[in-house]
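In our numbering, the protein residues as written are 122 to 362.
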């Protein structure tokens, strides 16, 4: 007996009483492509890049084989090539020299700082490339934390937000298309938005980190920026993993 004769299709349909049959939309490749919820293309990619002072430098990040820090001259070549390959956006992360770090991250809003010079240079070289910038204190802090730290180890939330505002405004003035606050201080998104709008940067977007975990997976990233906490951890302002 052939397989089709084993099943009475009309009886099977009556017994199931289905109001919806999702498999109808999975029957062929054309159907599946049409109803696919997520379609990942090069337009969805953001290329994270690490920039450092100097010239002709491209040291590998030892804990992330195949990933590099770039001096600005080589970074311009890297992002130009990426743009030519169809990558429309980069996320910038700076490696700040130790002698420029302090307890309140003042270098973060230096108009002639590394990140600000990098933004301007990229926008001059590849104006159509979207530049997204990190807003957080840890690359600039002598403590390696995302906020200002008191003598007893407390992270000052509101005082930190004031510095983050200055940082975001400085990056916007340099030509950033979008700022990405990764610090996880309470209230910083609204405060930064208000400050940007107040200074006329209404077209500068904010890529808000809605969730960030106090995870060991950040170890290699902190190696790249030499930004690991000098003491304690980040559990008072990042989520439990």
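Yeah, the Cβ is synthetic: ideal placement off N, Cα and C, and Gly gets one too.
Taken through DSSP and simplified to helix, strand or coil, residue 339 comes out as helix. Residue 269 sits in a strand when the DSSP states are folded into three classes. Apart from the 5 residues on each side of it in sequence, residue 289 sits with its Cβ closer than 6 angstroms to the Cβ of 256, 300, 313 in its chain, given in chain order. By the C-beta density criterion, residue 207 is exposed, having fewer than 16 other C-beta atoms within 10 angstroms.
Non-local C-beta neighbours of residue 351 in its own chain, meaning closer than 7 angstroms and more than five positions away in sequence, comprise 264, 265, ordered along the chain.
Closest in alpha carbon position to residue 200, among 172, 218, 322, 151, is 172. Per the Cβ contact rule, the region 265 to 285 is not in contact with the region 238 to 251 (fewer than 3 Cβ pairs under 8 angstroms). Going by beta carbons, residue 268 and residue 306 fall inside the 9 angstroms limit. When only Cα atoms are considered, residue 291 and residue 274 end up about 28 angstroms apart. The beta-carbon separation of residue 213 and residue 170, rounded to 6 angstroms, stays under the 8 angstroms limit for a contact.
Per DSSP, the continuous alpha helix (DSSP H) segment holding residue 236 begins and ends at 235 to 246.
Per DSSP, reduced to three states, the secondary structure at residue 220 is helical. Burial state of residue 186 is exposed, judged by a 10 Å Cβ sphere holding fewer than 16 other Cβ atoms. Nearest C-alpha to residue 349 among 216, 229, 360: 216. By the neighbour-count criterion, in which a residue is buried when 16 or more other Cβ atoms sit within 10 angstroms of its Cβ, residue 302 is buried.
Within a 10 Å sphere around the beta-carbon of residue 145 sit fewer than 16 other beta-carbons, which makes this residue exposed. In the structure shown, the three-state DSSP call for residue 152 is helix.
Residue 335 is a Cβ neighbour of residue 355, given a cutoff of 9 angstroms. Annotation for residue 184: 341, 344 place their beta carbon closer than 6 angstroms to its own, counting only its chain and skipping 5 residues before and after. Secondary structure at residue 214: strand, using DSSP grouped into helix, strand and coil.
Of the residues 361, 232, 359, 346, the one whose Cα lies closest to the Cα of residue 182 is 346. Nearest neighbour of residue 223 by Cα position, chosen from 203, 310, 270, 211, turns out to be 270. The beta carbons of residue 304 and residue 326 sit no closer together than 9 angstroms.
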